Amino acid sequence: MSKKVYGCVMGVLAVFLLCGTFFDLQISQVVYNPDNLFGKFFYGFGQVPAMLTVSFGFMLLSAVRDKGKKLLSVVIILVLGVASLYYAVLPFLIAGYFLEWGTVGRAAMMIFAILVFAGMELGAKKIAEVNERGILIRTSLTLILMFFGVGRICGILKNIWGRPRFYSMLDDFSRFSPWYRIAGTPLDDTFKSFPSGHAADACMILSIVLLAGLVPKLHKKAKFLYAAALVWIVCVMLARIIAGAHFLSDVSVGAALTCTVFFVLTKLLLRDTSRKPLSDEAVCIQKSV
Numbered sequence: 014m015s016k017k018v019y020g021c022v023m024g025v026l027a028v029f030l031l032c033g034t035f036f037d038l039q040i041s042q043v044v045y046n047p048d049n050l051f052g053k054f055f056y057g058f059g060q061v062p063a064m065l066t067v068s069f070g071f072m073l074l075s076a077v078r079d080k081g082k083k084l085l086s087v088v089i090i091l092v093l094g095v096a097s098l099y100y101a102v103l104p105f106l107i108a109g110y111f112l113e114w115g116t117v118g119r120a121a122m123m124i125f126a127i128l129v130f131a132g133m134e135l136g137a138k139k140i141a142e143v144n145e146r147g148i149l150i151r152t153s154l155t156l157i158l159m160f161f162g163v164g165r166i167c168g169i170l171k172n173i174w175g176r177p178r179f180y181s182m183l184d185d186f187s188r189f190s191p192w193y194r195i196a197g198t199p200l201d202d203t204f205k206s207f208p209s210g211h212a213a214d215a216c217m218i219l220s221i222v223l224l225a226g227l228v229p230k231l232h233k234k235a236k237f238l239y240a241a242a243l244v245w246i247v248c249v250m251l252a253r254i255i256a257g258a259h260f261l262s263d264v265s266v267g268a269a270l271t272c273t274v275f276f277v278l279t280k281l282l283l284r285d286t287s288r289k290p291l292s293d294e295a296v297c298i299q300k301s302v
C-alpha cells in the first residue's frame, strides 16, 4: 500500500470517526434494520476475504517449500494443507450458519467452499511457477501476520473497551457509551462493539492488490483491485451499522487498524532493502502496494 493510498484511506476514516464521535447514536437510530437483506448478507460473508487471505498465505508457503528434504516437505504439506483448507472452508460454513440456510444450503456452501479451495490451490501453484521464492515467502508472511496480528489486537481492544452494541440498548439509550470512553471488561459479546472485527476483517481484502504484482495479467489492474476492495469494505461497514452490531466509530477504527497493519507489513516485508537491482516481480509488487 503506497503512502498516498494509505493517507487517503486514513483521511476518510478519520472523517468517519469524527462524525461518529458526535453522531454515533443518531446515525444508528436512523439506519438500524435487523431484517435488512443487505445487512444480513454482509454479516454472513463480510469476514470471508480475511480467512481466504490467510488460507492463500499458507498455500503460497506450501508451494515454495524445500522439496529436497522429503520428510520435511511432507510435514509442511500436511500442516499447511490442513490450515489452508480450514480457513478456506470455515468462512462459508459460518456464512451458512449466520444466514440460517438449513442443511441443503449449508451443504451447498461446503461444496462451493471446496471448489474455491481447489481454485486457490491451483492459482497458488501457478503463481509459484512464475515468481521468485523470496518474494512469495515475504508475501505469504504479510498475509499471515496481518490476519493473526489484526485479530489479536482487535480482541485485546474489545476486552479493554467493553462498549455495548446498539441492538443491546434499544429499550434504554441511556446505556450508550461514546467510543472514547473505556468501560472495562465486557460481560459478554454484547459489550464488544469497539472496534468492529467485521470491518477489520473486511479490510483485509486490500491484500488482493498484491496479486497485481504476482500475476502478469494483473500488473496494470492495481487501481481496479483497490477500487473493488474499497467498495467491499464500505459495504461491510454500512451493513454492520444497519444490523445494529456496531456504530460508525467502531467500523472506522476497525478498518483503520487493518489498513495500518497492512501498510506497515508491506513496507517492512515487501520492499527490497538490498542494493541489488529489483526483479520484475519485486518492481510490480512495489508499484502495486
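If you're matching positions, the sequence shown starts at 14 in this note's numbering and goes up one per residue.
Glycine residues also receive a C-beta, built at the ideal position from the N, C-alpha and C atoms.
In this text the structure is predicted, and so the values were computed from the model without any measurement.
{"Query": "Along the chain, where does the alpha helix (DSSP H) containing residue 21 start, and where does it finish?", "Result": "16-44"}
{"Query": "From residue 83 to residue 117, what does the alpha carbon distance come to, in whole angstroms?", "Result": "41 Å"}
{"Query": "Nearest to residue 160 by alpha carbon, out of 208, 187, 131 and 215?", "Result": "215"}
{"Query": "Please classify residue 293 as buried or exposed, where buried requires at least 16 neighbouring CB atoms within 10 angstroms.", "Result": "Only weak support is given to the placement of residue 293: the predicted model assigns it a pLDDT of 44, under 50, and the question is left unresolved by the model."}
{"Query": "Quick one: grab the DSSP three-state call for residue 77.", "Result": "coil"}
{"Query": "Of the choices 91, 63 and 44, whose alpha-carbon is the least far from that of residue 12?", "Result": "A query on residue 12 cannot be resolved here, the shown segment of the chain reaching from 14 to 302 and no further."}
{"Query": "Quick check: the stretch 218-227 against the stretch 148-160, are there 3 or more CB pairs under 8 Å?", "Result": "yes"}
{"Query": "Would you kindly work out how many angstroms separate the C-alpha atoms of residue 133 and residue 69, rounded to a whole number?", "Result": "7 Å"}
{"Query": "Could you work out which residue in 231, 209, 240 and 244 is closest to residue 260 when comparing CA atoms only?", "Result": "209"}
{"Query": "Does DSSP put residue 202 in a helix, in a strand, or in coil?", "Result": "helix"}
{"Query": "With a threshold of 8 Å between beta-carbons, can residue 55 be considered close to chain D, or not?", "Result": "The structure shown contains no chain D; it holds only a single protein chain."}
{"Query": "Assuming residue 163 and residue 101 make a contact with CB atoms under 8 Å, what is their CB distance in whole Å?", "Result": "Not a contact, Cβ separation roughly 19 Å."}
{"Query": "So, is residue 172 buried or exposed, given that buried needs 16 or more other C-beta atoms within 10 angstroms?", "Result": "exposed"}
{"Query": "Taking residue 141 as the reference, which of 15, 44, 76 and 16 has the closest Cα?", "Result": "76"}
{"Query": "Please report how far the alpha carbon of residue 149 lies from the alpha carbon of residue 71, in whole angstroms.", "Result": "11 Å"}
{"Query": "Could you tell me whether the stretch 46-66 touches the stretch 244-261, where touching means 3 or more Cβ pairs closer than 8 Å?", "Result": "yes"}
{"Query": "Helix, strand or coil: how does DSSP classify residue 109 here?", "Result": "helix"}
{"Query": "Counting along the chain, where does the alpha helix (DSSP H) carrying residue 137 start and finish?", "Result": "115-143"}
{"Query": "With a floor of 3 residues, list each beta strand (DSSP E) that falls wholly inside the stretch 238-270, ordered by position along the chain.", "Result": "none"}
{"Query": "I want to know whether the stretch 83-95 touches the stretch 30-48 - three or more CB-CB distances under 8 Å.", "Result": "no"}
{"Query": "Within 8 Å, do at least three Cβ pairs link the stretch 15-23 to the stretch 227-235?", "Result": "no"}
{"Query": "Please state whether DSSP places residue 209 in a helix, a strand or coil.", "Result": "coil"}
{"Query": "With distance defined between alpha-carbon atoms, name the residue in 78, 272 and 204 nearest to residue 147.", "Result": "78"}
{"Query": "Cα separation between residue 41 and residue 188?", "Result": "14 Å"}
{"Query": "Is DSSP giving residue 185 helix, strand or coil here?", "Result": "coil"}
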